[in-house]
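One structure below.
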Amino acid sequence: LAVVNGYPAISYYDNGSGDLKYVRATDSTGSSWGSPVTVDSAGDVGQYTSLVVVNGYPAISYFDNDNGDLKYVQATDAAGSSWGSPITLDSAGTVGEYASLAVVNGNPAIIYFDDDNDALKYVRADNADGSSWTTSPVAVANAWYVGDKISLAVVGGNPAISYFDGNAFNLKYVRATDANGSSWGSPLTVDSAAWAGVYSSLVVLADGNPAISYYDWDNGNLKYVRA
Numbered sequence: 011l012a013v014v015n016g017y018p019a020i021s022y023y024d025n026g027s028g029d030l031k032y033v034r035a036t037d038s039t040g041s042s043w044g045s046p047v048t049v050d051s052a053g054d055v056g057q058y059t060s061l062v063v064v065n066g067y068p069a070i071s072y073f074d075n076d077n078g079d080l081k082y083v084q085a086t087d088a089a090g091s092s093w094g095s096p097i098t099l100d101s102a103g104t105v106g107e108y109a110s111l112a113v114v115n116g117n118p119a120i121i122y123f124d125d126d127n128d129a130l131k132y133v134r135a136d137n138a139d140g141s142s143w144t145t146s147p148v149a150v151a152n153a154w155y156v157g158d159k160i161s162l163a164v165v166g167g168n169p170a171i172s173y174f175d176g177n178a179f180n181l182k183y184v185r186a187t188d189a190n191g192s193s194w195g196s197p198l199t200v201d202s203a204a205w206a207g208v209y210s211s212l213v214v215l216a217d218g219n220p221a222i223s224y225y226d227w228d229n230g231n232l233k234y235v236r237a
C-alpha cells in the first residue's frame, strides 16, 4: 500500500490469473476504488510485490515466478493508470523473493532474497526513474534462509533493513555505511528470542528513530521495538 498522487493505492498478486495488478482509490480516504489495472501478465508474475512512488510516478518491484527473476516496472502517469515495460534486474538463479522497494538517495533501490545462494541482496538504480540499473547487486548478509520478509527504509540518510535471520532464528537490523548502500555495517540482533522477526516492517518515526513491527512465531504475538 502507498499513497499515489494523493489517493491510496495497492499493488498485488492475482493468484487466479498469475498476474501483477494495481488498483487506486478514487478519493483520499479510500472509501471507493477504481478498476484494477493489469501491470504484468507475462506468465506467472507479481509475487512479493512492493509499491513506492518513484520520481512522482508509482513503481513496483516484484518476483517473476516462471523465470525466478527480480523485476521492476514504473507507471507512465502519476496516477498509475498506464504502465511501462517491466525491467529484469536480476536473473542469476532464483532471485527476487521478499523484495522491498524504497527511494534511496534519490534513486529507487530494492532489497531481496537470493534463494540459490542464501543471500540477502541489495541493488540501486543509476537514475531517479529507475530506467537504468547497471550497478551489480551487493550481498548484505549470507546465511541459510536469511532475509525472509525483508523491509527497507532510509535511516539517518543511509538505507537500512530489518529481516529474519533463518540461521539464528531471530530479528536482525543492518544499516549501510554510505547513502547509496554500496557498503554495509555489521548486523545487529534486535530480538534474540527464537523465531522472533518474521514479517518485519521497518519505518522511521517522526523523531528520526527507526522502529520495527514483527511477528513472534513461538509465542504467536505481534511485537514492536524502537531504537
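Each residue of the sequence shown is one higher than the last, beginning at 11 in my numbering.
From the three backbone atoms N, C-alpha and C, an ideal C-beta is built for every residue, glycine too.
- When the Cα atoms are used, Asn190 and Gly26 turn out to be separated by approximately 38 Å.
- Measuring C-alpha to C-alpha distances from Ala85 to each of Pro68, Asn77 and Gly78 identifies Pro68 as the nearest.
- Annotation: Trp143 to Leu99 spans about 7 Å, alpha carbon to alpha carbon.
- DSSP places Pro68 inside the beta strand (DSSP E), whose first and last residues are Tyr67 to Asp74.
- Beta-bridge partners assigned by DSSP to Thr199: Lys182.
- In terms of Cβ geometry, Gly53 and Pro18 do not form a close pair [threshold 8 Å].
- Note that the stretch 200-218 does not touch the stretch 114-132; fewer than 3 beta-carbon pairs, one per stretch, sit closer than 8 Å.
- Nearest to Ser45 by alpha-carbon distance, out of Val83, Asn65 and Ser21, is Ser21.
- Counting along the chain, the unbroken beta strand (DSSP E) around Gly106 starts and ends at Val105 to Val114.
- In the same chain as Leu215, and ignoring 5 residues on each side of it, the C-beta atoms closer than 8 Å to its own belong to Ala221 and Arg236, in chain order.
- DSSP places Ala189 outside both helix and strand once states are collapsed to three, so it counts as coil.
- For Asn168, the uninterrupted beta strand (DSSP E) run begins and ends at Asn168 to Asp175, by DSSP.
- Judged by DSSP secondary structure, Ala102 falls outside any beta strand (DSSP E); it is assigned neither H nor E.
- Here Asn229 is exposed. Its C-beta has fewer than 16 other C-beta atoms within 10 Å.
- Within the same chain, Pro18, Ala19, Ile20 and Leu61 come within 8 Å of Leu11 by CB-CB distance, once the 5 residues on both sides are set aside.
- Under the three-state reduction of DSSP output, Ala119 falls in the strand class.
- With contact defined as three or more Cβ pairs closer than 8 Å, the stretch 91-110 and the stretch 73-81 are in contact.
- Nearest Cα to Gly116 within the set Pro169, Asp125, Asp50 and Tyr108: Pro169.
- Across the structure, Asn231 and Gly78 are spaced so that their CA atoms are roughly 32 Å apart.
- Between Ala163 and Val213 a beta carbon distance of about 6 Å is seen, short of the 8 Å cut, so the two are scored as contacting.
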